[in-house]
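The next block holds one structure in the form of structure tokens; read it before the comments.
Number of protein chains: 2
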Amino acid sequence: MNIVVAQSGGPTCAINASLLGVFRHATKYEEIGTVYGSVNGIEGLILDNLVNLCDIIADDEDVELIRQTPSTVLGSCRYKLPDFKADRTVFETITANLKKYGIGAFFYIGGNDSMDTVMKLDDYFKANNIDIKAIGIPKTIDNDLPITDHTPGFGSAAKYVATTMQEIIRDSSVYSSKSVTIVEIMGRDTGWLTASSAVLRQNGEVAPHLIYLPEAPFSVKKFLSDVREAQQKHYAVIVAVSEGVSLDADDFQSGKVDNFGHKYLSGVGKALEKIVSQEIGCKVRSIELNVMQRCSSHLSSKRDITEAERIGGAAVKTALDGFSGRMMVYKRVRNHPYNMRIEHVDVREVANKVKYFPLEWINETQNNVTNDAIEYCMPLIQGEQNFIMKNGLPKHYVLRFALSHDKRKGKIE
Amino acid sequence: MNIVVAQSGGPTCAINASLLGVFRHATKYEEIGTVYGSVNGIEGLILDNLVNLCDIIADDEDVELIRQTPSTVLGSCRYKLPDFKADRTVFETITANLKKYGIGAFFYIGGNDSMDTVMKLDDYFKANNIDIKAIGIPKTIDNDLPITDHTPGFGSAAKYVATTMQEIIRDSSVYSSKSVTIVEIMGRDTGWLTASSAVLRQNGEVAPHLIYLPEAPFSVKKFLSDVREAQQKHYAVIVAVSEGVSLDADDFQSGKVDNFGHKYLSGVGKALEKIVSQEIGCKVRSIELNVMQRCSSHLSSKRDITEAERIGGAAVKTALDGFSGRMMVYKRVRNHPYNMRIEHVDVREVANKVKYFPLEWINETQNNVTNDAIEYCMPLIQGEQNFIMKNGLPKHYVLRFALSHDKRKGKIE
Numbered sequence: 074m075n076i077v078v079a080q081s082g083g084p085t086c087a088i089n090a091s092l093l094g095v096f097r098h099a100t101k102y103e104e105i106g107t108v109y110g111s112v113n114g115i116e117g118l119i120l121d122n123l124v125n126l127c128d129i130i131a132d133d134e135d136v137e138l139i140r141q142t143p144s145t146v147l148g149s150c151r152y153k154l155p156d157f158k159a160d161r162t163v164f165e166t167i168t169a170n171l172k173k174y175g176i177g178a179f180f181y182i183g184g185n186d187s188m189d190t191v192m193k194l195d196d197y198f199k200a201n202n203i204d205i206k207a208i209g210i211p212k213t214i215d216n217d218l219p220i221t222d223h224t225p226g227f228g229s230a231a232k233y234v235a236t237t238m239q240e241i242i243r244d245s246s247v248y249s250s251k252s253v254t255i256v257e258i259m260g261r262d263t264g265w266l267t268a269s270s271a272v273l274r275q276n277g278e279v280a281p282h283l284i285y286l287p288e289a290p291f292s293v294k295k296f297l298s299d300v301r302e303a304q305q306k307h308y309a310v311i312v313a314v315s316e317g318v319s320l321d322a323d324d325f326q327s328g329k330v331d332n333f334g335h336k337y338l339s340g341v342g343k344a345l346e347k348i349v350s351q352e353i354g355c356k357v358r359s360i361e362l363n364v365m366q367r368c369s370s371h372l373s374s375k376r377d378i379t380e381a382e383r384i385g386g387a388a389v390k391t392a393l394d395g396f397s398g399r400m401m402v403y404k405r406v407r408n409h410p411y412n413m414r415i416e417h418v419d420v421r422e423v424a425n426k427v428k429y430f431p432l433e434w435i436n437e438t439q440n441n442v443t444n445d446a447i448e449y450c451m452p453l454i455q456g457e458q459n460f461i462m463k464n465g466l467p468k469h470y471v472l473r474f475a476l477s478h479d480k481r482k483g484k485i486e
Numbered sequence: 074m075n076i077v078v079a080q081s082g083g084p085t086c087a088i089n090a091s092l093l094g095v096f097r098h099a100t101k102y103e104e105i106g107t108v109y110g111s112v113n114g115i116e117g118l119i120l121d122n123l124v125n126l127c128d129i130i131a132d133d134e135d136v137e138l139i140r141q142t143p144s145t146v147l148g149s150c151r152y153k154l155p156d157f158k159a160d161r162t163v164f165e166t167i168t169a170n171l172k173k174y175g176i177g178a179f180f181y182i183g184g185n186d187s188m189d190t191v192m193k194l195d196d197y198f199k200a201n202n203i204d205i206k207a208i209g210i211p212k213t214i215d216n217d218l219p220i221t222d223h224t225p226g227f228g229s230a231a232k233y234v235a236t237t238m239q240e241i242i243r244d245s246s247v248y249s250s251k252s253v254t255i256v257e258i259m260g261r262d263t264g265w266l267t268a269s270s271a272v273l274r275q276n277g278e279v280a281p282h283l284i285y286l287p288e289a290p291f292s293v294k295k296f297l298s299d300v301r302e303a304q305q306k307h308y309a310v311i312v313a314v315s316e317g318v319s320l321d322a323d324d325f326q327s328g329k330v331d332n333f334g335h336k337y338l339s340g341v342g343k344a345l346e347k348i349v350s351q352e353i354g355c356k357v358r359s360i361e362l363n364v365m366q367r368c369s370s371h372l373s374s375k376r377d378i379t380e381a382e383r384i385g386g387a388a389v390k391t392a393l394d395g396f397s398g399r400m401m402v403y404k405r406v407r408n409h410p411y412n413m414r415i416e417h418v419d420v421r422e423v424a425n426k427v428k429y430f431p432l433e434w435i436n437e438t439q440n441n442v443t444n445d446a447i448e449y450c451m452p453l454i455q456g457e458q459n460f461i462m463k464n465g466l467p468k469h470y471v472l473r474f475a476l477s478h479d480k481r482k483g484k485i486e
């Protein structure tokens with residue numbers, strides 16, 4: 074049989090490593106013929122836009138380059154399948170294309186939404202006695218997928234956040250006058266990535282002095298009092314705040330704090346910058362780490378990349394063992410020395426669900442995290458990749474494929 | 074005699090390397106006794122806040138760590154000296170402190186404003202027959218100092234900008250729908266750092282497709298037409314824009330483009346994001362590279378760091394040769410293979426002056442740069458530093474000194 078792999082959702086530094094895991098592991102099995110890649114996630118299977126990875130990944134340098142390239146070499150999508158009981162058309166198209174290429178297993182590397190796709194395809198295949206396996210391979214910098222100890226991509230994002238936060242602390246602490254620096258960190262509705270900035274404590278940093286996660290209630294009044302208290306001890310106060318923190322708290326709404334207009338548009342960091350400027354009046358700067366958190370492969374964690382490749386390989390074995398409708402997961406065995414094993418669970422236990430940061434890892438005053446959070450993150454940011462450089466820059470692998478929308482214009486949109 | 078070195082202005086990745094250059098070169102000369110560091114730039118000399126670097130920099134590991142730590146280990150300031158003919162007081166205080174420590178030469182690592190300090194001190198010393206040499210050592214990521222071929226700190230910032238831009242391009246190019254990504258880059262009123270993003274062409278990147286520098290006139294109408302034209306060829310259009318680009322152009326003021334309120338507060342990137350969203354309506358994101366451009370030492374250019382240390386050393390020799398009121402400069406000898414030598418010029422030729430990006434390196438349509446700009450930047454971003462790591466993170470050197478404002482509260486402010 075042949076197999077197909079696709080990438081979906083927001084980019085990370087590890088998603089191409091998982092693709093390599095699938096590809097390289099598959100080539101070890103005699104029963105697997107061609108490994109196809111679907112362009113732009115599931116869109117490629119709808120629009121018959123597949124590439125033959127066996128032709129494309131020609132040598133060891135290709136493998137090295139794909140491993141060090143961030144984002145998705147096969148493109149991505151945000152396409153959500155309908156319920157097949159309501160609309161079978163797209164499922165029939167996908168199945169026809171899978172059969173056309175003799176495909177016996179479909180591997181989808183993605184986050185919560187992508188697991189919904191795996192679940193729906195598996196439901197459809199099983200209901201119609203179609204012998205095609207659908208396996209999910211997790212990825213997201215947000216680390217918000219249930220059951221798995223952590224997600225591929227999170228370790229590299231955490232290493233970026235901690236390294237960059239340390240540099241921002243140096244940058245912010247040079248003047249002999251009071252200042253507040255607010256760093257806004259991704260993670261959607263969960264605080265995992267913001268919490269990872271606390272690993273700096275292991276290297277003797279006191280900052281970030283205040284850490285706010287979406288899992289804890291946020292009050293502007295309390296925030297201002299936290300900052301004022303921190304200013305008693307530190308001239309340069311550093312704040313880490315999750316993008317998912319909502320300022321719609323009581324004090325904010327009730328107008329105790331000056332009017333900052335309606336729902337803030339530029340993110341929570343900018344909003345807090347304005348609040349500090351108006352209420353405290355010292356020098357203040359907000360910094361959005363933005364997409365750099367998910368694409369700075371030059372700072373990726375070697376452990377994350379290695380694990381991401383392993384979980385891709387394990388997915389192939391899982392399909393060959395006859396499983397379908399499963400998502401691969403990491404199980405942490407121990408922390409000292411760190412060890413984890415790979416298992417798989419019913420994708421229905423993961424799809425469309427969210428794993429929040431544990432409330433017991435947030436301190437009592439709800440403005441920092443406990444050492445448990447640091448213990449959890451530390452093993453995941455270890456190790457650095459060696460890079461193939463060209464002209465003083467990391468060399469990237471770019472696959473020049475036809476975008477799905479080019480192939481059959483308008484069919485998706 | 075003893076000497077003192079201080080750091081001033083905005084941080085860079087190379088300013089500590091220049092400090093090391095002064096320190097390590099000075100220890101080779103028998104005629105130099107103690108090397109002092111002035112805390113928070115010139116403030117330390119006003120408030121008698123000096124540290125003995127010979128005590129502090131104890132071994133080779135200290136040297137390595139200081140070299141890989143961004144920002145200023147001695148702190149910084151934005152203090153501007155008055156004209157000594159109007160107010161001698163502060164000059165008398167500084168001179169008394171210099172004499173108290175037996176200091177015969179003062180080295181100031183900084184940008185345009187810091188060279189103003191060097192100039193004024195030299196004027197005062199010469200007018201009063203005080204035999205203390207004042208030497209300026211350039212630094213700024215903006216690369217806007219006259220005469221010197223480039224400034225220490227620029228190469229590392231350019232390497233960060235190019236590497237990060239390449240990763241942003243990968244991140245932005247995954248979906249099969251139209252998008253515009255706008256990256257706002259530092260450089261104050263000059264376009265050097267923004268222009269450096271064009272080096273990616275050497276590695277086969279077409280993006281950034283549009284590059285806007287403050288040296289060229291900017292029109293919102295023209296910008297929108299540029300973006301629309303680029304969208305004919307590229308689904309994911311990438312724009313690099315200098316923070317110094319002003320939107321106060323005709324079309325903007327005349328209201329041809331919708332009202333975005335008064336003077337934009339969140340930077341030019343955010344403003345252009347809003348304009349694209351309103352006028353073109355596709356997916357659009359703006360990214361500020363923010364302080365990461367000047368403090369991401371984990372991505373510093375080895376050539377920049379090596380040169381920054383050399384120019385610090387050369388400054389010591391210049392003072393010992395009897396010169397004062399000079400700023401050290403790089404002279405590029407050739408590009409293939411790259412070679413430069415270090416000279417010195419009258420600091421009055423540099424202080425408070427700005428070197429703009431050459432107009433002849435901007436293309437005819439004023440939305441990109443020519444290959445001359447790439448040839449100029451390429452040698453400056455070459456080489457990577459080896460890092461001492463700790464717990465998966467670059468190890469930083471932190472000098473626990475008393476801030477100047479603590480020592481004599483209120484005296485400066």
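Residue numbers (my numbering), protein chains in the order written: chain A, 74 to 486; chain B, 74 to 486.
Every residue gets a Cβ at the ideal spot worked out from N, C-alpha and C, and that includes glycine.
Reduced DSSP secondary structure (H/G/I, E/B, other) of residue 233 of chain A: helix
Pick helix, strand or coil for residue 458 of chain A, following the three-state DSSP scheme. coil
Reference residue 107 of chain B; option with closest CA among B:121, B:92, B:313, B:128: B:128
Please look up how many angstroms separate the CB atoms of residue 182 of chain A and residue 111 of chain A, rounded, as I've assumed it's under 8 Å. That pair is no contact at about 11 Å.
Taking all protein chains shown into account, do 16 or more other C-beta atoms lie within 10 angstroms of the C-beta of residue 279 of chain A, making it buried, or fewer, making it exposed? exposed
Helix, strand or coil: which one does DSSP assign to residue 214 of chain B? coil
Within the same chain, show all residues whose beta-carbon is closer than 8 Å to that of residue 375 of chain A, passing over the 5 residues directly before and after it, in chain order. 455, 456, 457, 458
Please report the straight-line C-alpha distance between residue 403 of chain A and residue 231 of chain A, rounded to a whole angstrom. 17 Å
Could you tell me whether any Cβ in chain A is nearer than 8 Å to the Cβ of residue 201 of chain B? no
Note down, in chain order, all residues in the region 196-225 of chain B with a beta-carbon under 7 Å from any beta-carbon belonging to chain A. none
Is there a Cβ of chain A sitting closer than 8 Å to that of residue 466 of chain B, yes or no? yes
Could you tell me which chain B residues have their CB closer than 9 Å to the CB of residue 244 of chain A, listed as they occur along the chain? 83, 84, 143, 144, 364, 365, 367, 368
Under the three-state DSSP convention, the category residue 487 of chain A falls into: As shown, chain A starts at 74 and ends at 486. That puts residue 487 of chain A outside it, with no answer to give.
Applying the criterion that 16 or more other CB atoms from any shown protein chain within 10 Å of the CB defines a buried residue, is residue 364 of chain A buried or exposed? buried
Measuring CB to CB, does residue 255 of chain A end up less than 8 Å from residue 317 of chain A? no
Taking residue 260 of chain A as the reference, give the member of A:306, A:429, A:465 with the closest Cα. A:429
Check the Cβ of residue 101 of chain B against every Cβ in chain A and list those closer than 9 Å, keeping chain order. Correct list: empty, because the minimum Cβ distance to chain A is about 29 Å.
From this set, B:291, B:305, B:235, which residue's C-alpha is nearest residue 253 of chain B's C-alpha? B:305
I need the boundaries of the beta strand (DSSP E) containing residue 342 of chain A, first residue and last residue. Unbroken run through residue 342 of chain A is the alpha helix (DSSP H), 341-352; no beta strand (DSSP E).
Are the beta-carbon atoms of residue 187 of chain A and residue 258 of chain A separated by less than 8 Å? no
If we define contact as Cβ-Cβ less than 8 Å, is residue 105 of chain B a contact residue for chain A? no
Since residue 393 of chain B is in the alpha helix (DSSP H), which residue starts that stretch and which ends it? 375-393
Any Cβ of chain B within less than 8 Å of the Cβ of residue 497 of chain A? Any answer about residue 497 of chain A is impossible in this case: the structure gives chain A only from 74 up to 486.
Less than 8 Å between C-beta atoms, sequence neighbours within five positions excluded: which residues of the same chain meet that for residue 518 of chain A? Outside the modelled stretch of chain A, which goes from 74 to 486, sits residue 518 of chain A, for which no answer is possible.
Local conformation of residue 306 of chain B per DSSP, three classes: helix
By the DSSP assignment, the beta strand (DSSP E) with residue 401 of chain A in it spans what residues? 399-408
Using CA atoms only, rank isn't needed, just tell me which of B:147, B:417, B:424 is closest to residue 399 of chain B. B:417
According to DSSP, simplified to helix, strand and coil, what is residue 254 of chain A? strand
Using alpha carbons as the reference points, say which of A:356, A:109, A:303, A:102 lies closest to residue 174 of chain A. A:109
As assigned by DSSP and simplified to three states, the class of residue 176 of chain A: strand
Check residue 153 of chain B in the structure and name its three-state DSSP category. coil
Below 7 Å on C-beta distance, what does residue 360 of chain A contact in chain B? 363, 364
Sufficient close CB pairs (3 or more, under 8 Å) joining the region 264-272 of chain B to the region 242-249 of chain B: no
Where the region 264-290 of chain A meets chain B: residues whose CB sits under 9 Å from a CB there: 272, 273, 275, 276, 277, 278
Going along chain A in order, which residues have a C-beta closer than 9 Å to the C-beta of residue 232 of chain B? 465, 466
Work out the CA separation of residue 412 of chain B and residue 332 of chain B for me, nearest whole Å. Confidence is the limiting factor: at residue 332 of chain B the pLDDT is only 36, short of 50, which leaves the residue's position unreliable and the question unanswerable from this model.
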